[in-house]
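A.B. asks: Numbering (the numbering used here), first residue to last: 207 to 327. Beta carbons are placed, not taken as given, at the ideal position from N, Cα and C, and that holds for glycine. To start, I am sharing the structure in question, which I have written as structure tokens.
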């Protein structure tokens, strides 16, 4: 839409440049709409994929992890001590990994609340 302004050419140019700078052109607007539609379609595909993953996980039979059989009592105290240390280390590493996962979940949650760009991935 062009506005017809009577008057001096400098005034007309100044007014038109001011009006043009405040409004989006039709091609830019069309491109913005295409970009928004593309993003909506991508999000729709991601949601469908996530729903499929959730359904697959719900259908999967959850089998509890069987506890390891008690180690045989050996006469060797070094072997018993090594087994005890290995078990404690495994439990500590498992706890450490769970805590690290909770920290990253909290960071992602805070990033989503603040609106700051989060981690990629």
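1. Note down, in chain order, each residue of its chain lying with its Cβ closer than 8 Å to the Cβ of residue 319, except the 5 sequence neighbours on either side.
2. Could you check what DSSP says for residue 293 in three-state terms: helix, strand or coil?
3. Counting along the chain, where does the alpha helix (DSSP H) carrying residue 258 start and finish?
4. What did DSSP end up calling residue 324 once you bin it into helix, strand or coil?
5. Quick check on residue 211: does DSSP put it in helix, strand or coil?
C.D. replies: This is what the structure holds:
1. none
2. helix
3. 232-265
4. At residue 324, the pLDDT of 49 sits below 50, so the modelled position is not reliable; the number obtained from the coordinates is stated separately. Residue 324: coil per DSSP, three-state reduction.
5. Residue placement at residue 211 cannot be trusted, given a pLDDT of 49 that sits under 50; what the coordinates show is reported in the next sentence. Residue state, collapsed to three classes: coil.
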